[in-house]
Amino acid sequence: MTGADLAILALDVAGYVLILTLVALGLAIIFGLLRVISMAHGEFLMLGAYLVLVVEGAGGSFWLGLALAGPAVALVGLLVEAVVIRRVYRRLLDTILATWGVSLVIRQAVTLVFGPASHSIDLPVDAAVAFPGFEYPVYRLFIMALSLALVGATAWLFFATRFGLAARAVIADRDMAACLGYDTRAFDRATFAYGSALAGVAGAAMAPLISVDPQMGVGFLVPAFLSVLVGGLGSIAGPLAGAGTLGAIDGLVARALSPVWAQVAVLAIAVVLIRLFPKGLLGRRGRSP
Amino acid sequence: MTGHGVEARIGAVLAVAAIGLPFILDDGATANLSVWFAFALFAASLAFAWGHCGLLSLGHAVFFGAGAYAMSLTTLGLLPGLPGVASTWLGLALACLVPALIGLAIGAFLFSSDHLQGPFFGIATLAIGVVAARLCESWDYLGGANGLMGVPPIMLGPNGGGPMVFDTLPVYYVMLAMLAAGLVALARVMASPFGRALSAVRQNELRARGLGYDPAWLKTRAYATSAAVAGVAGAMFVVQFGFASPSLVGFALSAEVLIWVAVGGRDSPLAAALAAIAVRLAEDWLSRALGDVWPLVLGLIFIACVMALPRGLFGEAFARLERRHDRTLAPGRDDHRHPGR
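Respectively, the protein sequence lines represent chains A and B.
With our numbering as the guide, the letters of the first sequence map in order to residues 1 to 289.
With our numbering as the guide, the letters of the second sequence map in order to residues 1001 to 1341.
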């Protein structure tokens, strides 16, 4: 393997890690703040990808689709929250089942409308950036920048704004926050919609790089969940650390052996890491999850 | 877990009805029902793990598929180091043993950590299921993505050969007998001291530990038991279907069995088994009328059951029958046996 190959592999892995972080961050926000395990997260990602397909089909540009993916999936998230999630708060196991049902319904609805076959979306930009010794597609670099920006924006939202302060107050003590006049229901709605929208944006951004089909969500859901568990909750850096670890293992093993063994390795190492660091690599000690 | 009196009676009535059914139904419907009996036992195995032991397994098809592959490899004579061995009996034993060992290994690893409990166990099993399906697709020994074709039906001879169970009626009664035996076995396990300890662990793990039980080991054994039953169900399926493929391990079947159990009733293997048959039956009737909308409708029914009817349709019906039964037995003694869960 030459230096150029190595650099390309490193960039590929970094791109995957950042997208995975984006997906895992949405899960971590929904789980950490609402105590809801959203099995429909992969389907929100899929909806983002299909939105790009619809917008392009209607004559819009890819970029319009990418811009609309977040708000559109947030709306679906609001709907799901209002109809289903609202009724299962505080029943953790039931949140898994209810959102699992939601994921089945979304998947089937998409299959009905778009058919079970996979679609491909053209790369919006073909250009490549020339590095010393190799070239790298501009679009992949753009995705990395977009993911970084969104992760940063999320950190800013939760740690530097009044909304974030209120959010942390609601996590710390929901009843007290309600007494102080915060609308905790509105907070629930906004959190679920925001977390889902992150998945939608990730799906739209990834759409030109992977095949878009109704089953695509599961492929992201599992590594995203493992990333959250490995990285630990309670900080933005947790999902990043988890996704970084697992994404790197996935990329390296896929290159060295095969994608299948990469999945096996990711699962095995994730389970071992969760056993060794029950609160996550970056989890805080002494606080029950 | 109460209600075995009423439930046992319902089961007996259903069994008698099932014995008579082939005389009313045509050949095709009877053959369909025999295949559904395999799914029914699969659903019962998940109801045992989930409802009775509190182990929400989102990748239960791993065990169904492992049983199907174990049976197929044996009867196709593909066992490593054992050329010429093609016994259905050995296949059945392995279809029980291999999934049980996989379940034992998964349980031993996951349950010994305090962190991988409840919902996290579900996520871990989901991940295992997805990865296992990928492994099967790329494992040449298991036929890769094509799977294993031409799996023989049940041969009663000690090593293949002998009388073959192939015609519709014999297959139907063999499958019915195996389903009944599986359900009775699960009911007996649930009523045994082991089963009661499991119920105690589900309700309050800390207290069970305080009383001297080892929750991790109990749950591990329970998961292995459920896996063994699911494996037998997989074997029942594959000797009829003649074809083992990675889809028997995959995510879709795990999702389906979860729906059957949630809709039927997670507290009762019998209710879950009934639901598996009922959902398949409804699918048969309604998919002509509803077409591709049917899975959508099924998903909505599933969500409704999760939100409003945690005991499931049949589970709720059983509970009501039992309540009525209790009232006729002892007037004035009201329903205090079902504290909310």
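Just so it is clear, CB atoms sit at the ideal spot from N, CA and C, and this is done for glycine as well.
Note that this is a predicted model, so its numbers are computed, not measured.
Compare the Cα-Cα distances from A:PRO214 to each of A:ARG107, A:ALA28, A:ILE30 and report the closest residue. Residue mapping note: residue 214 of chain A aligns to position 214 of the first sequence, counting from 1. For the residues A:ARG107, A:ALA28, A:ILE30, the minimum Cα distance to A:PRO214 belongs to A:ARG107.
Who does B:MET1149 pair with in a DSSP beta bridge? Taking the first residue of the second sequence as position 1, residue 1149 of chain B is located at position 149. Answer is B:PHE1243.
Pull up the distance between the alpha-carbon of A:ILE274 and that of A:LEU9, whole angstroms please. In the first sequence, the residue the question calls residue 274 of chain A occupies position 274. In the first sequence, the residue the question calls residue 9 of chain A occupies position 9. A:ILE274 and A:LEU9 have their alpha carbons spaced roughly 27 Å apart.
Under 8 Å between C-beta atoms of A:GLU56 and A:ILE96: In the first sequence, counting from the first residue as 1, residue 56 of chain A sits at position 56. In the first sequence, counting from the first residue as 1, residue 96 of chain A sits at position 96. No.
I think B:LEU1126 touches A:VAL222, with their Cβ atoms under 8 Å apart; what is that distance to the nearest whole Å? Mapped onto the second sequence, residue 1126 of chain B falls at position 126. Mapped onto the first sequence, residue 222 of chain A falls at position 222. At roughly 7 Å, the Cβ-Cβ gap stays under 8 Å, so B:LEU1126 and A:VAL222 are in contact.
Short of 7 Å Cβ to Cβ, which residues in the segment 1306-1333 of chain B face chain A? Contact annotation: in the segment 1306-1333 of chain B, residues whose CB is within less than 7 Å of a CB in chain A are VAL1306, MET1307.
Less than 8 Å separating the beta-carbons of B:ALA1095 and B:ALA1235? Working through the second sequence from its first residue, we reach residue 1095 of chain B at position 95. Working through the second sequence from its first residue, we reach residue 1235 of chain B at position 235. Yes; because the gap between Cβ atoms is below 8 Å, this pair is in contact.
Neighbour list for A:GLY101 in chain B, Cβ cutoff strictly below 7 Å: Looking up residue 101 of chain A in the first sequence gives position 101. Within 7 Å Cβ-Cβ: GLY1299, PHE1302, ILE1303, VAL1306.
Are there 16 or more other CB atoms within 10 angstroms of the CB of B:ALA1271, so buried, or fewer, so exposed? For the purposes of this step, residue 1271 of chain B is taken as the residue at position 271 of the second sequence. Buried, because 16 or more other Cβ atoms sit within 10 Å of the Cβ of B:ALA1271.
With a cut-off of 8 Å, does the C-beta of A:PRO278 fall near any C-beta of chain B? Looking up residue 278 of chain A in the first sequence gives position 278. Yes, contact with chain B.
Can B:ALA1200 and B:ALA1208 be called in contact, C-beta distance under 8 Å? The residue you call residue 1200 of chain B lines up with position 200 of the second sequence. The residue you call residue 1208 of chain B lines up with position 208 of the second sequence. The Cβ atoms of B:ALA1200 and B:ALA1208 sit closer than 8 Å to each other.
Using beta-carbon positions only, say whether A:LEU51 and A:ALA69 come within less than 8 Å of one another. Start at 1 with the first residue of the first sequence, and residue 51 of chain A comes out as number 51. Start at 1 with the first residue of the first sequence, and residue 69 of chain A comes out as number 69. Yes.
Taking all protein chains shown into account, decide if A:ALA130 is buried (16 or more other Cβ within 10 angstroms of its Cβ) or exposed. Within the first sequence, numbered from 1, the residue matching residue 130 of chain A stands at position 130. Around the beta carbon of A:ALA130, fewer than 16 other beta carbons lie within 10 angstroms, which makes this residue exposed.
Give me the chain B residues within the contact set of A:ILE37, using Cβ-Cβ distance strictly less than 7 Å, ordered along the chain. Taking the first sequence and counting its residues from 1, one reaches residue 37 of chain A at position 37. Under the 7 Å cutoff, chain B gives PRO1119.
Determine the direct distance from the alpha carbon of B:ILE1128 to that of A:ALA248, and round the result to whole angstroms. Here residue 248 of chain A is taken as the residue at index 248 of the first sequence, counted from 1. Here residue 1128 of chain B is taken as the residue at index 128 of the second sequence, counted from 1. The straight-line gap from Cα to Cα measures roughly 20 Å.
Spell out the partners DSSP gives B:GLU1205 in its beta bridges. In the second sequence, counting from the first residue as 1, residue 1205 of chain B sits at position 205. Partner residues in a beta bridge of B:GLU1205, as assigned by DSSP, do not exist.
Starting from the C-beta of B:SER1254, find all residues in its chain whose C-beta is less than 7 Å away, skip the five residues before and the five after it, and write them out in chain order. Within the second sequence, numbered from 1, the residue matching residue 1254 of chain B stands at position 254. Listed in chain order, the non-local C-beta contacts of B:SER1254 below 7 Å within the same chain comprise LEU1058, GLY1059, HIS1060, ALA1061, GLY1129, local neighbours out to five positions each way being set aside.
Per DSSP, what kind of secondary structure is A:PHE131 in: helix, strand or coil? One-based indexing of the first sequence puts residue 131 of chain A at position 131. In this structure, A:PHE131 counts as strand in the three-state DSSP scheme.
Am I right that B:PHE1037 and B:MET1190 are in contact with their C-beta atoms under 8 Å? What's the rounded C-beta distance? One-based indexing of the second sequence puts residue 1037 of chain B at position 37. One-based indexing of the second sequence puts residue 1190 of chain B at position 190. A Cβ-Cβ distance of about 20 Å is found for the pair B:PHE1037 and B:MET1190, leaving them out of contact under the 8 Å criterion.
For B:ARG1341, is the classification buried or exposed, using 16 other Cβ atoms within 10 angstroms of its Cβ as the cut-off for buried? As a working note, residue 1341 of chain B is residue 341 in the second sequence. Per-residue confidence for B:ARG1341 stands at a pLDDT of 41, beneath the threshold of 50, marking its modelled position as unreliable; the derived number appears in the next sentence. Exposed, because fewer than 16 other Cβ atoms sit within 10 Å of the Cβ of B:ARG1341.
Going by beta-carbon coordinates alone, are B:ALA1043 and B:VAL1261 separated by less than 8 Å? Translated into positions along the second sequence, residue 1043 of chain B becomes position 43. Translated into positions along the second sequence, residue 1261 of chain B becomes position 261. Yes, the pair counts as a contact, with Cβ atoms nearer than the cut-off.
Which value, in whole angstroms, describes the spacing of the CA atoms of B:PHE1063 and A:ARG86? In the second sequence, counting from the first residue as 1, residue 1063 of chain B sits at position 63. In the first sequence, counting from the first residue as 1, residue 86 of chain A sits at position 86. Rounded to the nearest angstrom, the two C-alpha atoms are 34 Å apart.
Compute the minimum distance between the beta carbon of B:ALA1208 and the heavy atoms of the ligand NAP, and state whether it is under 7 Å. For the structure depicted, the ligand NAP is absent and the ligand set is empty, with no information on it obtainable.
Can you pull out the residues from the segment 1120-1133 of chain B whose beta carbon lies closer than 8 Å to at least one beta carbon of chain A? Those residues of the segment 1120-1133 of chain B that come within reach of chain A (Cβ to Cβ, closer than 8 Å) are PHE1120, GLY1122, ILE1123, ALA1124, LEU1126, ALA1127, ILE1128, VAL1130, VAL1131.
Please list the segments of the alpha helix (DSSP H) lying wholly inside the segment 1032-1109 of chain B, counting only runs of 4 or more residues, in order along the chain. The qualifying runs are 1061-1075.
Contact residues within the segment 30-62 of chain A, judged by C-beta distance below 7 Å to chain B: Per Cβ criterion, the list reads ILE37.
Taking the alpha helix (DSSP H) that A:MET39 falls in, what are its first and last residues? The count along the first sequence starts at 1 and reaches residue 39 of chain A at position 39. Unbroken run through A:MET39: none, as it is neither H nor E.
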